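Remarks on the structure that follows.
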Amino acid sequence: MKTYKNYKAYCFVKECPNTSDLPEKLFFSVPIGSARKDWWKICNRQQTSLTSPHFICEDHFTLEEDVAEWQRYTILKKAGLKPFSLKLKKGVKPTKFQCRQSLDATNFVTECSIQIDFEEDPNFSEPSIKKEPMLEEPSTWQDDPCSSSTAACDPLSDRESSETTFQHQETVDSEPGGKRRRVEDVNGDAAFFESLLPLMKGFDSQKRLRFRMHVMSALARFCDPNYSHSESD
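Position 195, counted from 1, in the sequence shown is what full-length UniProt numbering calls 195; the numbers after and before it change by one each time, with no gaps.
Dropping the structure here:
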């Protein structure tokens, strides 16, 4: 491997973050001339000069098989002797791209943490719900019957049970200008919506959409200051 004074080497693989600032990493010269053309596609790089210096780190090779005189190099290093410069064997190309898998996994987790996979209806306008600060729950609050492993729970099939649950969460606003009702979070917004996801297993897209519309409509009614529990749906 050639060395260049005051030159910081970046790995030729586009997704790889390694640089020559990492002293434990070995870097090899990228072939020049026509041999470099194959490397552009393999390393996901745009076409560059065929003669400019570029380097690639050890993470993309099987060192025992791809590096010339690798065994001799390791013996000298273990003996405390100054090792010699390493070169890739002729015709060797990078085959390992763990950095791409790590990048894909990171992007997947990030997307999942900010998005819920619902089917969108362009003609459906979601009601706007004002988020209120969560109040301390009363000491007499009973456990949710759905938390029992033996209890059958279907929040949409039992309207009376649903209304009772929402009644426990309504509070009266004491601000001047009139009273209004509001719905408090059910164990927090995130926990509430997450608890609904298992109910949609096996639903097709139309049934998922109707389920979502029912839930959002129910919340909108309870947030309506003119809503009364005596009103029928």
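Note that CB positions come from ideal geometry on N, CA and C, so glycine has one too.
From a predicted model like this one, the values you see are computed outputs, not experimental measurements.
- Assigned with DSSP and collapsed to three states, S49 falls in coil, not helix or strand.
- A Cβ-Cβ contact shorter than 8 Å links V30 with H54.
- Burial is judged here by how many other beta carbons sit within 10 angstroms of a residue's own beta carbon; F84 has fewer than 16 and is exposed.
- Relative to T19, the option among V13, A9 and L26 whose CA is nearest is A9.
- Exclusion of the five residues before and after D38 leaves K93 as the residues of its chain whose Cβ lies within less than 7 Å of its Cβ.
- Taken through DSSP and simplified to helix, strand or coil, S29 comes out as strand.
- Rounded to whole angstroms, the separation of the alpha carbons of K82 and T48 is 34 Å.
- Taking a C-beta distance under 8 Å as the contact criterion, R72 and E15 do not qualify as a contact pair.
- Bounds of any alpha helix (DSSP H) do not take in F55; it lies within the beta strand (DSSP E) bounded by F55 to C57.
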